[in-house]
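Chemist: There's a structure below that I have some questions on.
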Amino acid sequence: MAHTQDFDLKTLIRELLQATLGGEYSAHEEDSVLIISESWEGYSDEGVSLDLQDIPEVLLNWAQLDVSQGPDVNELLVLDLETTGLGRGNTLAFLIGLGYFEDGKYKVEQIFLPEPDAELNSFDRLIELLETHSVLVTFNGKSFDIPVLESRLLYHRIWLNLREKEHIDLLHMARRLWKNTLPSCALESLEYYVMGVLRDPEFDIDGGQIPQAYGEYLMSGDVEPLLKIVKHNQLDIIYTMALMVIICDALRLPIEVGKDARVDYHAVARLYQSQGQKDVAKQILCEMKDLSIATVESVHELGQLCKRDKELEEAQHCFEYGAALSHPPSLLALAILLEQTKEYEQALEYTEQLLSQQQSLPLPDLRQLHDIDKRRIRLQRKIAKKAHK
DNA sequence: TTGCACTCATATGATACCAA
DNA sequence: TTGGTATCATATGAGTGCAA
Numbered sequence: 385m386a387h388t389q390d391f392d393l394k395t396l397i398r399e400l401l402q403a404t405l406g407g408e409y410s411a412h413e414e415d416s417v418l419i420i421s422e423s424w425e426g427y428s429d430e431g432v433s434l435d436l437q438d439i440p441e442v443l444l445n446w447a448q449l450d451v452s453q454g455p456d457v458n459e460l461l462v463l464d465l466e467t468t469g470l471g472r473g474n475t476l477a478f479l480i481g482l483g484y485f486e487d488g489k490y491k492v493e494q495i496f497l498p499e500p501d502a503e504l505n506s507f508d509r510l511i512e513l514l515e516t517h518s519v520l521v522t523f524n525g526k527s528f529d530i531p532v533l534e535s536r537l538l539y540h541r542i543w544l545n546l547r548e549k550e551h552i553d554l555l556h557m558a559r560r561l562w563k564n565t566l567p568s569c570a571l572e573s574l575e576y577y578v579m580g581v582l583r584d585p586e587f588d589i590d591g592g593q594i595p596q597a598y599g600e601y602l603m604s605g606d607v608e609p610l611l612k613i614v615k616h617n618q619l620d621i622i623y624t625m626a627l628m629v630i631i632c633d634a635l636r637l638p639i640e641v642g643k644d645a646r647v648d649y650h651a652v653a654r655l656y657q658s659q660g661q662k663d664v665a666k667q668i669l670c671e672m673k674d675l676s677i678a679t680v681e682s683v684h685e686l687g688q689l690c691k692r693d694k695e696l697e698e699a700q701h702c703f704e705y706g707a708a709l710s711h712p713p714s715l716l717a718l719a720i721l722l723e724q725t726k727e728y729e730q731a732l733e734y735t736e737q738l739l740s741q742q743q744s745l746p747l748p749d750l751r752q753l754h755d756i757d758k759r760r761i762r763l764q765r766k767i768a769k770k771a772h773k
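Heads up: the first sequence begins at 385 in the numbering used here, then just goes up one per residue.
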């Protein structure tokens, strides 16, 4: 009798769930999962672009993807989990959010567990999509989503080597591009500062409250709080792709320096430089200078690249720009360059300026002071020798 | 030839920070 | 709350160029 009551209650909650969240139950005979799908063409309801044409090579290289395969956008699978906690051991992934392109539209598919017992069945659709999409796209997925998923799959004795799968984790690329210009590189911060959108607390839930909200649903059967969780996950999948679109647009060659105010072009130059494309980096830094959007740091870096290419006059101009603003690395670079070109008097002038600047710091770096002083003494010696001749 | 300064590549350890 | 990642700072060594 009690079993019949349990069964009826379970059926009732499942009907309520579907009526509230929408979607369809999977075809499993027992413990089916609720799959909620929605598609967008071009833009999301929030107005962010989901129009991804291709993936720039520099991004593929950075993510150590096989560039020769040239994965197209239809190979991408965005993944984001909602779980019962941050741990790896007993954490349940009760909502698997997935995003991919299909027939020119961006489709978000969410697999929800009405009860924890349905977890095994949630993996069928996930594995299907993993088999047809070669590149994972996540936000902090390397540290969180993938380890959680692997641990849950292992618990069910399913062996899937997700760590070997090609993977673009946008958190780290976002940090490279915005860590110097934004207060934080959390997804919500990027949404606000880069995408220009703000989540409405009336329809969304704070990530930290999600485990508790799912727990309350399991205890009470109240499905209302789940609406916010599903919306939260849907927005995560949408904004992860929107971020991918912005990053790809910012990195695509030729770089249109200054075109997009959201882009830190110095960071773009550094990325190209780190991937061995120093000429692209130099071109970007040069254009920043020409457009008067350069910083003292970007001009200094341009100077170093010019020096590498033996364009000493241009390098000197760059270092002089920074030296005029008392930028310590520029003062040092200028002193080194002038010593190399045998302009010892000038080199000494900048060395002494740097020395007095460093000495006046509240906590001077003693080793650096020692090095600068050594340079000062050497230059004095060279000047004296020159005078003797 | 020697010594010094610098550049570049590589290795290692510490750190920050992001996810629910 | 935990754990994983990339980055940064630092150290080291090989190689190069220059002056004496």
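Where is the CB? At the ideal position from N, CA and C, for every residue including glycine. Only a predicted model underlies this, so the values are computations on that prediction, with no experimental measurement involved.
1) Write down every uninterrupted run of the beta strand (DSSP E) in the segment 420 to 491 whose length is 3 residues or greater and which is fully enclosed by it, in chain order.
2) Taking 8 Å as the threshold (C-beta atoms), are isoleucine 622 and serine 433 in contact?
3) State the Cα-Cα distance for the pair alanine 386 and aspartate 464, rounded to the nearest angstrom.
4) Evaluate contact between the segment 410 to 423 and the segment 485 to 495, counting only Cβ atoms and requiring at least three cross-stretch pairs below 8 Å.
5) For leucine 520, report the span of its alpha helix (DSSP H) as first-last.
6) Taking the beta strand (DSSP E) that isoleucine 589 belongs to, which residues open and close that run?
7) So is methionine 625 buried or exposed if we call it buried at 16+ other beta carbons inside 10 Å?
8) If we count the other Cβ atoms within 10 Å of its Cβ and call it buried at 16 or more, is leucine 750 buried or exposed?
9) Contact defined as beta carbons within less than 8 Å: I believe isoleucine 767 pairs with tyrosine 728. What is the distance between those atoms, to the nearest angstrom?
10) Apart from the five residues on each side of it in sequence, which residues of its chain come closer than 8 Å, Cβ to Cβ, to glutamate 572?
11) Skipping 5 residues on each side, what residues in its chain have a beta carbon closer than 8 Å to that of glutamine 379?
12) To the nearest angstrom, report how far apart glycine 469 and isoleucine 589 are at their CA atoms.
13) Which two residues bound the contiguous alpha helix (DSSP H) that contains aspartate 508?
14) In whole angstroms, give me the CA-to-CA distance for leucine 396 and lysine 615.
15) Would arginine 541 be called buried (16 or more neighbouring beta carbons within 10 Å of its own) or exposed?
16) With a threshold of 16 other CB atoms inside 10 Å of the CB of arginine 547, please say whether the residue is buried or exposed.
17) When you compare only the Cα positions, how much space is there between leucine 460 and leucine 637?
18) Which residue from Pro585, Ala558, Ser416, Glu466 puts its Cα closest to that of phenylalanine 478?
19) Would you tell me roughly how many angstroms separate the C-alpha atoms of histidine 713 and threonine 565, rounded to the nearest one?
20) Counting C-beta neighbours from all protein chains within 10 Å, is the total for glutamate 414 16 or more, i.e. buried, or is it exposed?
21) What is the DSSP secondary structure of leucine 396, counted as helix, strand or coil?
22) Near valine 462, what residues of its chain come up, given a Cβ to Cβ distance below 6 Å and the 5 sequence neighbours on each side ignored?
23) Could you pull out every residue in the same chain whose Cβ sits closer than 8 Å to the Cβ of glutamate 613, ignoring the five residues on either side in sequence?
24) Applying the 10 Å Cβ sphere with the 16-neighbour rule, what's the burial state of glycine 706?
25) Out of Glu697, Leu611, Ala717, which has the shortest C-alpha to C-alpha gap to proline 585?
26) Determine the contact status of alanine 719 and leucine 745, defining contact as a CB-CB distance below 8 Å.
Modeler: If we stick to the structure as given:
1) Those beta strand (DSSP E) runs which fall completely within the segment 420 to 491 and span 3+ residues are 460 to 467, 477 to 486.
2) No, the pair does not count as a contact, with Cβ atoms beyond the cut-off.
3) Per-residue confidence for alanine 386 stands at a pLDDT of 49, beneath the threshold of 50, marking its modelled position as unreliable; no derived number is given.
4) As far as the Cβ criterion goes, the segment 410 to 423 touches the segment 485 to 495, which means the pair count is three or higher.
5) Where leucine 520 is concerned, there is no enclosing alpha helix (DSSP H), although the beta strand (DSSP E) around it starts and stops at 519 to 522.
6) Unbroken run through isoleucine 589: none, as it is neither H nor E.
7) Label assigned to methionine 625: buried.
8) The residue in question, leucine 750, is exposed, as its Cβ has fewer than 16 Cβ neighbours within 10 Å.
9) Right, the Cβ-Cβ distance comes to about 5 Å (below 8 Å), so this counts as a contact.
10) Excluding residues within five positions, the ones whose Cβ falls inside 8 Å are Arg583.
11) Coverage of the chain is limited to positions 385 through 773, which leaves residue 379 absent and any answer about it impossible.
12) When the Cα atoms are used, glycine 469 and isoleucine 589 turn out to be separated by approximately 15 Å.
13) Residues 503 to 516.
14) Here the C-alpha atom of leucine 396 lies approximately 23 Å from the C-alpha atom of lysine 615.
15) Around the beta-carbon of arginine 541, fewer than 16 other beta-carbon atoms lie within 10 Å, marking it exposed.
16) That one is exposed.
17) Roughly 21 Å between the two C-alpha positions.
18) Ranked by Cα distance from phenylalanine 478, the options Pro585, Ala558, Ser416, Glu466 are led by Glu466.
19) Before going further, note that residue 713 is proline rather than histidine in the sequence given. Going by C-alpha positions, proline 713 is about 20 Å away from threonine 565.
20) With fewer than 16 other Cβ atoms within 10 Å, it is exposed.
21) Leucine 396: helix per DSSP, three-state reduction.
22) Answer for valine 462: Gly483, Val521, Ile621, Thr624, Met625, listed in chain order.
23) According to the sequence provided, residue 613 is isoleucine. The question's glutamate does not apply to it. Excluding sequence neighbours, isoleucine 613 sits near Glu466, Leu479, Ile589, Ile594, Ala597, Tyr598.
24) Buried, by the Cβ-count rule.
25) Ranking Glu697, Leu611, Ala717 by Cα distance to proline 585 puts Leu611 first.
26) The Cβ atoms of alanine 719 and leucine 745 lie no closer than 8 Å to each other.
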